[in-house]
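Numbering (the numbering used here), first residue to last: 9 to 175. Note that the Cβ used here is the ideal one computed from N, Cα and C, for glycine as well.
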């Protein structure tokens, strides 16, 4: 009986260690939907340029410049990495990303633009502005904050996720 109890306690402790830890990568923690919840974000040159180009466009048409929020970029990064993993540009799991930002950033509304294959910030921003639906998100006067993620796959093709929120 004593051995059975000891084995049971050992099994419970081992299970709690194995199943209580989140998957981590360089301080970025993922939930089960591969969405990032972090504020530890570093922006690449192309990401910074995209943020600047979007704000330049918005202010040129009389809209407010958006504030960068690292939490949004972290969530965007999770989706960019997911698109690379499945090798497909998509909006999969958008409701989960949106809910994360509602819960963690007090978002009232959330919009998202994704892209694939562009080599320059100007190229991807031009493509979004030439698309009625993407442009509508960029030019939404209610949005207050945004974030960006760009990463490349093994063939050096760029994937992009840009998320906008109204706080």
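- Among the bridge pairs identified by DSSP, residue 115 is matched with none.
- Just measuring C-alpha positions, the residue of 147, 127 and 138 sitting nearest residue 54 is 127.
- Per the coordinates, the alpha-carbon of residue 132 lies some 14 Å from the alpha-carbon of residue 171.
- Taking the C-beta atoms as reference points, residue 61 is found no nearer than 7 Å to residue 155.
- Per the Cβ contact rule, the stretch 57–72 is in contact with the stretch 139–150 (3 or more Cβ pairs under 8 Å).
- Straight through space, the alpha carbons of residue 163 and residue 108 are spaced by roughly 31 Å.
- DSSP, reduced to helix, strand and coil, places residue 52 outside both helices and strands of the structure shown, so it counts as coil.
- Taking the CA atoms as reference points, residue 114 sits about 11 Å from residue 153.
- The beta-carbon separation of residue 159 and residue 88, rounded to 5 Å, stays under the 8 Å limit for a contact.
- Taking the C-beta atoms as reference points, residue 167 is found no nearer than 7 Å to residue 102.
- With a threshold of 16 other beta carbon atoms within 10 Å, residue 120 meets it and is buried.
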